[in-house]
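Trainee:
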Amino acid sequence: MAKRDESSELLRELVAHLRQNRTQLREEWVGRISETRLLTAMTKEEIFAEATSVYDSYVEALETETFEALQAYARNLSERIIPRGVETHEVVGIVLLLRDVLARSLFAKYQTDFKKLNRILDEYEPAANRIANTVAVGFVQERERVIRQQQEAIRELSTPVLQVRERLLILPIIGVIDPQRARQLTEQLLRGIRTNRAKVVVIDITGVAAMDVTVANHLVQTVEASRLLGATVIVTGLSPEIAQTLVTIGVDLGKMNTVGDLQGGIEQAERLLGYKVMALAEPS
Amino acid sequence: MEVPILKQGAVLIATFQAALSDADLNQLRSALVQQVVRFRSRGVIVDVTAMDVMDSFASRTLREIAHMIRLRGAETVIVGIQPEVAFAMVQLGLTLEGVATALDLEEGLAYLNQKFKSMK
Chain A
-18 MAKRDESSEL LRELVAHLRQ NRTQLREEWV GRISETRLLT AMTKEEIFAE ATSVYDSYVE
42 ALETETFEAL QAYARNLSER IIPRGVETHE VVGIVLLLRD VLARSLFAKY QTDFKKLNRI
102 LDEYEPAANR IANTVAVGFV QERERVIRQQ QEAIRELSTP VLQVRERLLI LPIIGVIDPQ
162 RARQLTEQLL RGIRTNRAKV VVIDITGVAA MDVTVANHLV QTVEASRLLG ATVIVTGLSP
222 EIAQTLVTIG VDLGKMNTVG DLQGGIEQAE RLLGYKVMAL AEPS
Chain B
6 MEVPILKQGA VLIATFQAAL SDADLNQLRS ALVQQVVRFR SRGVIVDVTA MDVMDSFASR
66 TLREIAHMIR LRGAETVIVG IQPEVAFAMV QLGLTLEGVA TALDLEEGLA YLNQKFKSMK
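As given, the protein sequences belong to chains A and B, one line each in that order.
When we follow this note's numbering, the leftmost residue of the first sequence carries the number -18, and every step to the right adds one.
When we follow this note's numbering, the leftmost residue of the second sequence carries the number 6, and every step to the right adds one.
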């Protein structure tokens, strides 16, 4: 019981010290940050503003021994600084610098009482480490979330479903298709068929160098699923390698409508839809 | 739960509600064939827009319906399969092979009218 009281007593003393010397310690910290050339993407004013918030959250976390507010703040801060190009090592670096600056001030204050210094550090160190951890993890998690978001956006951008005639859609695929992209492609196409009421879809894979068996199967499934929505699929632009893969996996080519190139595919689609393209006169 | 079957000229339209039991599906199969005979229908549209999941029994029943109706000289079209359902179906290998499909009721009727014209 006495130990507990003593521990809270020391913690209060520690927090009081950090609050009293707030201005000076914060300045020292910001100084160390510029010295070590961290946060170069931010201006001095910005660093100072954030440093103030971080310092206060730090001391509050030490005092209350709860870390939810700090977690929330760390994520909020990360959301703001990640677009500025701040890196993980910088964030970890500045938090550790703060820990050092505060520790040094404790050494200075209790230098005549080694026993007390040790007891104060017993309070300070676990909490300080937990804080450093919380902030770093919060930053990394936010970074990962941003990356996932960007990947999703890239994937969506790279598989446009285009309507070129009434009831006719074109899906030009370029680049590498992994199973995840293939799946996303199918979902986008099926939604596009329903939205545009497409009766014919031309999937052009001229821009796809190779596909493995999984993705080839996915392509076949896409053709079948499109049919269930009443649309005919024409696949164009198969490279020799892909043609080989399809034959190897035993695709029933009777089920898959293929034409050499995109132009041929569009022409066949137009025939299927009852369009006929004629030249009216010599272009001027 | 009985599936309502509506008559539109020479075409019968059966509209699925969301959750149909195996018994309901069997009942529908018998009812449809009986009605095709009674009204001498030339086409049947089965609208599955409200179905959010298609299992192998439902898929097989639809194929059987189409088969039985073709034996009476009429054509079946399945309409309204939702994108998510279509995706799940092909992954399970349920392709409704040999059965005509269309996007929705309008497309289904257009398909049948086209068929009727070409059969004249």
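Every residue gets a Cβ at the ideal spot worked out from N, C-alpha and C, and that includes glycine.
Just so you know, these numbers come straight off a predicted model, no measurement behind them.
Under 8 Å between beta-carbons, which chain A residues line up against B:Gln5? List them in chain order, please.
Mentor: Any answer about residue 5 of chain B is impossible in this case: the structure gives chain B only from 6 up to 125.
Trainee: From A:Met(-18) to A:Lys97, what does the alpha carbon distance come to, in whole angstroms?
Mentor: Unreliable placement is indicated for A:Met(-18), whose pLDDT of 49 sits below 50; no coordinate value is reported for it.
Trainee: Give me the chain A residues within the contact set of B:Ile86, using Cβ-Cβ distance strictly less than 8 Å, ordered along the chain.
Mentor: The contacting residues are Leu209 and Leu210.
Trainee: Would you check if the distance between the CB atom of A:Val181 and the CB atom of A:Ala250 is smaller than 9 Å?
Mentor: A contact, by the Cβ cut-off of 9 Å.
Trainee: By Cβ distance below 8 Å, which residues in the same chain neighbour A:Ala179 in space, the five residues on each side in sequence not counted?
Mentor: The residues are Gln144, Arg148, Leu149, Leu150, Gly173 and Ala212.
Trainee: Over the uninterrupted alpha helix (DSSP H) stretch that includes B:Leu76, give me the two end residues.
Mentor: Unbroken alpha helix (DSSP H) run through B:Leu76: Ser61 to Leu76.
Trainee: For B:Ala93, collect the residues of the same chain with a Cβ closer than 8 Å to its Cβ; drop the 5 residues on either side in sequence, then sort them by chain order.
Mentor: Here the set comprises Val58 and Met59.
Trainee: Applying the 10 Å Cβ sphere with the 16-neighbour rule, what's the burial state of B:His72?
Mentor: Exposed, since its Cβ has fewer than 16 Cβ neighbours within 10 Å.
Trainee: Can you tell which of A:Glu8, A:Arg124 and A:Val40 has its C-alpha closest to the C-alpha of A:Leu(-8)?
Mentor: Answer by Cα proximity: A:Val40.
Trainee: Residues of chain B with CB closer than 9 Å to the CB of A:Glu168, please, in chain order.
Mentor: What A:Glu168 touches in chain B: Pro88, Glu89 and Phe92.
Trainee: Answer yes or no: does any C-beta atom of chain B fall closer than 9 Å to that of A:Lys180?
Mentor: It does; some Cβ of chain B falls within 9 Å.
Trainee: If distances are taken between C-alpha atoms only, which option among B:Arg75, B:Glu111, B:Val82 and B:Arg65 comes closest to B:Leu99?
Mentor: Here the closest residue by C-alpha is B:Arg65.
Trainee: In terms of residue numbering, what span does the alpha helix (DSSP H) encompassing B:Lys122 cover?
Mentor: From DSSP, the alpha helix (DSSP H) with B:Lys122 extends over Leu110 to Met124.
Trainee: Buried or exposed: which applies to B:Leu30, given that a residue is buried once 16 or more other Cβ atoms fall within 10 Å of its Cβ?
Mentor: Result: buried.
Trainee: Residues of chain B with a CB under 7 Å from the CB of A:Arg172: which are they?
Mentor: Within chain B, the residues near A:Arg172 are Pro88.
Trainee: Using only the alpha-carbon positions, how far apart do A:Thr217 and A:Gln202 sit?
Mentor: Looking at the two C-alpha atoms, the distance is approximately 16 Å.
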